[in-house]
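In our numbering, the protein residues as written are -15 to 417. Below is one structure, written out as structure tokens; comments come after it.
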Ligand SMILES: Nc1ncnc2c1ncn2[C@@H]1O[C@H](COP(=O)(O)OP(=O)(O)O)[C@@H](O)[C@H]1O
Ligand SMILES: [Mg+2]
């Protein structure tokens, strides 16, 4: 349970799904995580928690549970679970890059170089230890540049360091070999070109957290949430001290431990604030192009694993994308998270995450209230449905040739309550907490 509280609306009607649930009028849920998701599930009308080995209709599990249990779990038609079996194809740093490289190569072969160049949004990356020699070759081609070393399966900035000299890596390799000499397990890393020219605001580096929900891989159906945030470093950026994690790693879990971290002020901007700031500074057109380039990242990265992910109608996945902007306003894909943190850093953050998770449940629709034709549910906009989804309000626009605008509203107004009221008429009000 969280120390934060929310008051708001919720919907409760059930249009016919009870039959699918064997006549039960409630949704039996299992939840393997503490934090905001627990609160959201508890507040949902006619949802009841099952403990231990009880039968469930809906499971919000952690990836550890998935690994151990998914293959032995029989799931009825109506059952839903919050991960795809091999989610790590996109969410482990080495596999994400491997899949993107393969996808890009295929595009080049099948469509051409111009199309393949649309995947130039991830920094040059090598998997270690397997690609060590390739990495050294590339490293030697541009002496003096900065690289970042990251463990493939850790998060929150753990185990990450920056380096400029190969001798640092050689030493680090030796130390690791010594540490791991008695262990059968070799920890995998990626070595990635460091973005040396991040876009700065008030001299500080930040990255973006964006939420994308996939409800099916075949056909690909993906939703983009309107809210998200920018996570700022608390220290002014410079390339002269590459050992300072507070300056270079924007993870909230890192910044929270900075000596001058102010919990009142936090280190986040909501996506709307960032979009307004950038628009005021660079003009609408430039920023619309930037956000379109981000849409391109979401879709292409999902397409790169579309044939690899084991599609399963029981599964959905809420991804947390990490995107970094450089000084030329080019967005870079840093990583995709399978279990984006739901731990709130403030009341405002709690509210955002609560609404995000509530809308995730609205899209997953255990209650059977949707028709399947919706382009919008709460704060989610459908951006891909076996092909691009276009905005209803955009009409035809000219941009060289005729084109439409994608149905995405990242950082735009999130009037979800009005939308949900409209969608789920009649919409009973929840009593205030
Ligand atoms: N190639 C890069 N260039 C610049 N900054 C990076 C790069 N990779 C990571 N970072 C910074 O380090 C942080 C943590 O990296 P990330 O790959 O997201 O690992 P983690 O799983 O630990 O969050 C990012 O949020 C970003 O601020
Ligand atoms: Mg990250």
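Ideal Cβ positions, reconstructed from N, Cα and C, are used throughout, including at glycine.
Distance cut-off 7 Å: residue i Cβ against heavy atoms of ligand 2
i: residue 329; result: no
Any non-hydrogen atom of ligand 1 closer than 7 Å to residue i Cβ
i: residue 232; result: yes
i: residue 107; result: yes
i: residue 256; result: no
i: residue 134; result: yes
i: residue 360; result: no
i: residue 240; result: no
i: residue 178; result: yes
i: residue 304; result: no
i: residue 85; result: no
i: residue 226; result: no
i: residue 144; result: yes
i: residue 191; result: yes
i: residue 77; result: yes
i: residue 286; result: no
i: residue 308; result: yes
i: residue 371; result: no
i: residue 250; result: no
Cut-off 6 Å between Cβ atoms - residues of its own chain near residue i, not counting five sequence neighbours on either side
i: residue 368; result: 204, 206, 283
i: residue 216; result: 188, 190, 251
i: residue 63; result: 41, 298
i: residue 254; result: 213
i: residue 45; result: 16
i: residue 14; result: 34, 40, 43
i: residue 68; result: 293, 299, 301
i: residue 385; result: Low confidence applies to residue 385: its pLDDT is 43, below 50, so where it sits in the model is not reliable, and the reading given next is rough at best. Excluding sequence neighbours, residue 385 sits near nothing in its chain.
The beta strand (DSSP E) enclosing residue i, as first and last residue numbers
i: residue 321; result: 315 to 321
i: residue 193; result: 188 to 200
i: residue 11; result: 11 to 15
i: residue 254; result: 252 to 254
i: residue 306; result: 301 to 309
i: residue 205; result: 205 to 216
i: residue 32; result: 31 to 33
Cutoff 7 Å; reference residue i; Cβ partners in own chain excluding five residues on either side
i: residue 383; result: Here the model assigns residue 383 a pLDDT of 48, short of 50, so the residue's position is not dependable and the matter cannot be decided.
i: residue 183; result: 309, 310, 311, 313
i: residue 393; result: 210, 365
Check: residue i C-beta below 7 Å from any heavy atom of ligand 4
i: residue 118; result: In the structure shown, ligand 4 is absent; the only ligands present are ligand 1 and ligand 2.
Span of the alpha helix (DSSP H), counted from its first residue to its last, around residue i
i: residue 279; result: 268 to 289
i: residue 74; result: 72 to 75
i: residue 21; result: 20 to 27
i: residue 229; result: 229 to 232
i: residue 238; result: 236 to 239
Same chain, Cβ closer than 8 Å to residue i, five either side skipped, listed in chain order
i: residue 160; result: 171
i: residue 90; result: none
i: residue 56; result: none
- Under 7 Å, CB to nearest heavy atom of ligand 2: contacting residues: My final list is 139, 235, 306, 318, 319, 321.
- Every unbroken beta strand (DSSP E) within the region 43 to 69, with a cutoff of 3 residues, ordered by chain: You should have found no qualifying run.
- Item | Continuous alpha helix (DSSP H) assignments of at least 4 residues falling wholly in the region 340 to 408 | Runs found: 400 to 407.
- Counting only runs that start and end within the region 99 to 130, where is the beta strand (DSSP E) found for 3 or more residues in a row? Those beta strand (DSSP E) runs which fall completely within the region 99 to 130 and span 3+ residues are 109 to 112.
- Task: With a floor of 3 residues, list each beta strand (DSSP E) that falls wholly inside the region 131 to 189, ordered by position along the chain.
- Result: For the region 131 to 189, whole beta strand (DSSP E) runs of length 3 or above, ordered along the chain, are 131 to 135, 145 to 147, 173 to 177.
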